[in-house]
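Have a look at the structure below, then the notes.
Number of protein chains: 2
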Amino acid sequence: MVGEAVEKGATLADVAERAGVSPSTVSRTLRGLSTVSPQTRARVEKAARELSFAISRSASSLVTGRTGRVAVLVPNLDSWFLGAALAGLAPALNAAGLDMLVYSVTTAPPPRRNADALLVVSFALSPRERARLDDLGMPLVFVSQHEQGRAGVYVDDVEAARRGTRYLLNLGHRRIAYLEPADPSGFAWSSRARLDGYREALAEAGVDRDDELVRRVADWQGPSLDAAVGRLLSLAEPPTAVFAETDDIAFRLLTVLRGVNVPVPARMSVLGFDGHAMAEPWDLSTLAQPARRLGEAAAELARQVIQDPATHGERHVVLPVELVPRGSTGPAPGARDDGEKGEEDARNRG
Amino acid sequence: MVGEAVEKGATLADVAERAGVSPSTVSRTLRGLSTVSPQTRARVEKAARELSFAISRSASSLVTGRTGRVAVLVPNLDSWFLGAALAGLAPALNAAGLDMLVYSVTTAPPPRRNADALLVVSFALSPRERARLDDLGMPLVFVSQHEQGRAGVYVDDVEAARRGTRYLLNLGHRRIAYLEPADPSGFAWSSRARLDGYREALAEAGVDRDDELVRRVADWQGPSLDAAVGRLLSLAEPPTAVFAETDDIAFRLLTVLRGVNVPVPARMSVLGFDGHAMAEPWDLSTLAQPARRLGEAAAELARQVIQDPATHGERHVVLPVELVPRGSTGPAPGARDDGEKGEEDARNRG
DNA sequence: CTGAAAGCGCTTACAG
DNA sequence: CTGAAAGCGCTTACAG
Numbered sequence: 014m015v016g017e018a019v020e021k022g023a024t025l026a027d028v029a030e031r032a033g034v035s036p037s038t039v040s041r042t043l044r045g046l047s048t049v050s051p052q053t054r055a056r057v058e059k060a061a062r063e064l065s066f067a068i069s070r071s072a073s074s075l076v077t078g079r080t081g082r083v084a085v086l087v088p089n090l091d092s093w094f095l096g097a098a099l100a101g102l103a104p105a106l107n108a109a110g111l112d113m114l115v116y117s118v119t120t121a122p123p124p125r126r127n128a129d130a131l132l133v134v135s136f137a138l139s140p141r142e143r144a145r146l147d148d149l150g151m152p153l154v155f156v157s158q159h160e161q162g163r164a165g166v167y168v169d170d171v172e173a174a175r176r177g178t179r180y181l182l183n184l185g186h187r188r189i190a191y192l193e194p195a196d197p198s199g200f201a202w203s204s205r206a207r208l209d210g211y212r213e214a215l216a217e218a219g220v221d222r223d224d225e226l227v228r229r230v231a232d233w234q235g236p237s238l239d240a241a242v243g244r245l246l247s248l249a250e251p252p253t254a255v256f257a258e259t260d261d262i263a264f265r266l267l268t269v270l271r272g273v274n275v276p277v278p279a280r281m282s283v284l285g286f287d288g289h290a291m292a293e294p295w296d297l298s299t300l301a302q303p304a305r306r307l308g309e310a311a312a313e314l315a316r317q318v319i320q321d322p323a324t325h326g327e328r329h330v331v332l333p334v335e336l337v338p339r340g341s342t343g344p345a346p347g348a349r350d351d352g353e354k355g356e357e358d359a360r361n362r363g
Numbered sequence: 014m015v016g017e018a019v020e021k022g023a024t025l026a027d028v029a030e031r032a033g034v035s036p037s038t039v040s041r042t043l044r045g046l047s048t049v050s051p052q053t054r055a056r057v058e059k060a061a062r063e064l065s066f067a068i069s070r071s072a073s074s075l076v077t078g079r080t081g082r083v084a085v086l087v088p089n090l091d092s093w094f095l096g097a098a099l100a101g102l103a104p105a106l107n108a109a110g111l112d113m114l115v116y117s118v119t120t121a122p123p124p125r126r127n128a129d130a131l132l133v134v135s136f137a138l139s140p141r142e143r144a145r146l147d148d149l150g151m152p153l154v155f156v157s158q159h160e161q162g163r164a165g166v167y168v169d170d171v172e173a174a175r176r177g178t179r180y181l182l183n184l185g186h187r188r189i190a191y192l193e194p195a196d197p198s199g200f201a202w203s204s205r206a207r208l209d210g211y212r213e214a215l216a217e218a219g220v221d222r223d224d225e226l227v228r229r230v231a232d233w234q235g236p237s238l239d240a241a242v243g244r245l246l247s248l249a250e251p252p253t254a255v256f257a258e259t260d261d262i263a264f265r266l267l268t269v270l271r272g273v274n275v276p277v278p279a280r281m282s283v284l285g286f287d288g289h290a291m292a293e294p295w296d297l298s299t300l301a302q303p304a305r306r307l308g309e310a311a312a313e314l315a316r317q318v319i320q321d322p323a324t325h326g327e328r329h330v331v332l333p334v335e336l337v338p339r340g341s342t343g344p345a346p347g348a349r350d351d352g353e354k355g356e357e358d359a360r361n362r363g
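Chains B and X supply the protein sequences, listed in that same order.
For the first sequence, the working numbering assigns the number 14 to the initial residue and increments by one for each residue that follows.
For the second sequence, the working numbering assigns the number 14 to the initial residue and increments by one for each residue that follows.
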């Protein structure tokens, strides 16, 4: 025997009886179908209210074949990005009448048939993993990554990194280091793209590629960042700016630079990427991803693919990344402020 | 017609047919009941595998009265604390065979009958709100707060704040300011408790209460923190240490102090509260809450109240808070290091 | 505009 | 150890 302690609540049949109508009519009324007379509707709604009726999704799922739920598969839950994305996602999903089921990748993948769509956030999927997801037999939406032929929402990391690098170039920097995470843990796609953007911008500006300036740093606390800084500062031509692939790396970098008495930005400019909530108190210039809006857009995509599964792969949303200049970046030491007078000055110099 | 584009997957009846047994037997096998012969079990499991069968929770919920889901009601999703708590909660729930449904409080409360238990995180509930939750008719578990007669998991904020304050006292500080958020947004309970702990420790140490040292600061970026610092620094006897009620406030305080050239900890010690992930890179001393373990403990409580709803109110778990000393705290300026020689020195002085 | 009947995919006594 | 039957609480054609 189950449920002696917890009252189970009224059923649709209870409401029907109280309102003096058939269950069919209650169902139609509660789903807002128009084919119900105003008087009947009023009676049913009153009865439902009096009984605090709440529909059982299990029962309706069984017959409609829809669960009213969206599963979200995330690589972690305690990162800034995921928090922001979920903060956008949850209300948007709920507003569309969908519940949000969250699965951390550390546990088993969400079982098929218990959600109407699966949102996959920020994963670098192996072909096998992707095949397994496809086998789940539910519409997929990818968040923060491209997947060929699959609905997805993401930012243009290449373009954003290009813009960030150009910003540093415009400040007069020519030696610009790049710090990437050794383990981009699920963000491999973005990681590649950002490095590409950095290189493209340098190439466009005619700056020679120097792989000595690109360093990998261990993912979280550890000596590796100090070592990277040591390498950079001991180059024949040390950098005057560092582009950190993530704000988290930038924060750690700022700490290290402060510790070794390299003033920022006087001697070293630091640019981050992400738009982490802490970037403002750190006064860190960064390329801000619209994480919340990525979540909102994902909710909208979920709604669409559920409604019309055939359009699966055709839906793509690309959101803009904004450069937010703050105090951690400044003109290159020794570089001239070549604002309007740039051309003239160049002549004078030459 | 629904589901033409997405294949619906095999049903339990399909598995039964393929294995040449009845649906009852498949059900018993898949739920691991022991009353199934080894041969039959093998046949059923093979058939299930071949058909990639996944059970429909909707269907089983309907008959068992259990959904296999736990709803989590959160005040926000993009805070450090909630990320960590969910990171502990989700895997623990999944490990117990439960799915996690997340509702942000900004949207409607979770409908009854669609989850087996409701976890309420960090809310200061009004009596009305609490009554509404009780009316939901599902077992409740409160996370990070006390509710009389309800299962809950939380830390002892009073004791933790007392310990933090004692730590500052032991460093020789006597003028210790306290910064509390103007809007504790859902953490009102903790907020009160922490202030109490601070006051108790001061009283125990015989330090006179001075409400001029207790300041409220606006919740997020804004001038109010600068104003609070201005007030403190212009007192006749300014503080030599500040106890910030949250790490977020402490981070902002460190930024302000740096900006106005007050060296930390030489002129001002700063102690936070929370164990925010950023406390380490900021080198902030703090009282670390075990947020992840709060989530894990909540999952365990959920399991228990589902299994035995009668024991609802009797289950309470109190988790420890640990002081993590770092570089932001040091001896009071002018105070002596009264380690082993404290007593002797006192004599010499006297 | 409304109702009676069938059925969604499972689990659960009840028999055997 | 296994199966036939009933039923969980809804929705959906089908009639009227």
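All C-beta atoms, glycine included, are put in the ideal place defined by N, C-alpha and C.
Amino acids of chain X, ordered along the chain, whose beta-carbon sits closer than 7 Å to that of residue i
i                      : result
residue 75 of chain B  : 71, 72, 75
residue 99 of chain B  : 90
residue 259 of chain B : Within 7 Å Cβ-Cβ: nothing; residue 259 of chain B doesn't reach chain X, min ~13 Å.
residue 80 of chain B  : 71
Same chain, Cβ closer than 7 Å to residue i, five either side skipped, listed in chain order
i                      : result
residue 115 of chain X : 85, 87
residue 248 of chain B : 225
residue 336 of chain B : 176, 177, 180, 300
Neighbourhood of residue i by C-beta, 8 Å cutoff - its chain only, sequence neighbours within 5 removed
i                      : result
residue 49 of chain B  : 38, 41, 42, 57
residue 343 of chain B : 184, 278, 279, 282
residue 228 of chain X : 190, 191, 192, 193, 241, 244, 245
Exposed unless 16 or more other CB atoms sit within 10 angstroms - verdict on residue i
i                      : result
residue 130 of chain X : buried
residue 212 of chain X : buried
residue 170 of chain B : buried
residue 18 of chain X  : Per-residue confidence for residue 18 of chain X stands at a pLDDT of 32, beneath the threshold of 50, marking its modelled position as unreliable; no derived number is given.
residue 148 of chain B : exposed
residue 10 of chain X  : Residue numbering for chain X in the displayed model covers 14 to 363; residue 10 of chain X lies beyond these limits and cannot be assessed.
residue 110 of chain X : exposed
Spatial neighbours of residue i in its chain, beta-carbon cut-off 6 Å, leaving aside the 5 residues before and after
i                      : result
residue 304 of chain X : 94, 97, 98
residue 260 of chain X : 285, 287, 289, 292, 299
residue 36 of chain B  : 25, 26, 29
residue 15 of chain X  : At residue 15 of chain X, the pLDDT of 33 sits below 50, so the modelled position is not reliable; the number obtained from the coordinates is stated separately. Closer than 6 Å at Cβ, skipping near neighbours: no residue.
Contacts of residue i in chain B (Cβ-Cβ under 7 Å)
i                      : result
residue 294 of chain X : 264, 265, 268
residue 340 of chain X : Within 7 Å Cβ-Cβ: nothing; residue 340 of chain X doesn't reach chain B, min ~10 Å.
9 Å Cβ cut-off: residues of chain B touching residue i
i                      : result
residue 196 of chain X : Residues of chain B passing the Cβ test: none, with the nearest at roughly 17 Å.
residue 27 of chain X  : Simply none; closest approach about 13 Å.
Residue i versus the options, residue with shortest Cα-Cα distance
i                      : options                    : result
residue 89 of chain B  : X:75, X:104, X:76          : X:104
residue 280 of chain B : B:290, B:314, B:245        : B:245
residue 133 of chain X : X:117, X:141, X:126        : X:117
residue 30 of chain B  : B:60, B:51, B:45           : B:60
residue 64 of chain B  : B:23, B:77, B:52, B:51     : B:23
residue 68 of chain X  : X:44, X:222, X:54, X:340   : X:44
residue 332 of chain B : B:76, B:83, B:149, B:158   : B:158
residue 207 of chain B : B:78, B:334, B:347         : B:334
residue 83 of chain B  : B:173, B:218, B:315, B:187 : B:315
residue 322 of chain X : X:330, X:108, X:79, X:156  : X:79
residue 223 of chain B : B:250, B:148, B:125        : B:250
residue 230 of chain B : B:174, B:258, B:294        : B:258
Beta-carbon neighbours of residue i, restricted to chain X and to distances below 9 Å
i                      : result
residue 125 of chain B : 22, 65, 67
residue 169 of chain B : Near residue 169 of chain B there are no residues of chain X at all, since even the closest Cβ is about 23 Å away, more than 9 Å.
residue 343 of chain B : Under the 9 Å cutoff, chain X gives no residues; its nearest Cβ is about 17 Å from residue 343 of chain B.
Amino acids of chain X, ordered along the chain, whose beta-carbon sits closer than 8 Å to that of residue i
i                      : result
residue 165 of chain B : None at all; the shortest Cβ gap to chain X is about 18 Å.
residue 95 of chain B  : 96
residue 53 of chain B  : Here the premise fails: no neighbours, minimum Cβ distance about 23 Å.
Q) Going along the chain, which residues of the region 263 to 292 of chain B sit with their C-beta nearer than 8 Å to a C-beta in chain X? A) Those residues of the region 263 to 292 of chain B placed with their C-beta closer than 8 Å to a C-beta in chain X are 264, 265, 268, 290, 291, ordered along the chain.
Q: Taking only beta carbons into account, state which residues of the region 127 to 150 of chain B come closer than 7 Å to chain X, listed in chain order.
A: Those would be 127, 148, 150, in chain order.
Q.
Which residues of the region 31 to 47 of chain X have a Cβ closer than 7 Å to any Cβ of chain B? Give them in chain order.
A. Within the region 31 to 47 of chain X, no residue qualifies.
Q. Taking Cβ-Cβ distances below 7 Å as the criterion, which residues of the region 306 to 340 of chain X are in contact with chain B?
A. Those would be 322, 323, in chain order.
Q: Determine which residues of the region 236 to 252 of chain B have a Cβ less than 7 Å from any Cβ of chain X, and write them out in chain order.
A: Answer set for the region 236 to 252 of chain B: empty.
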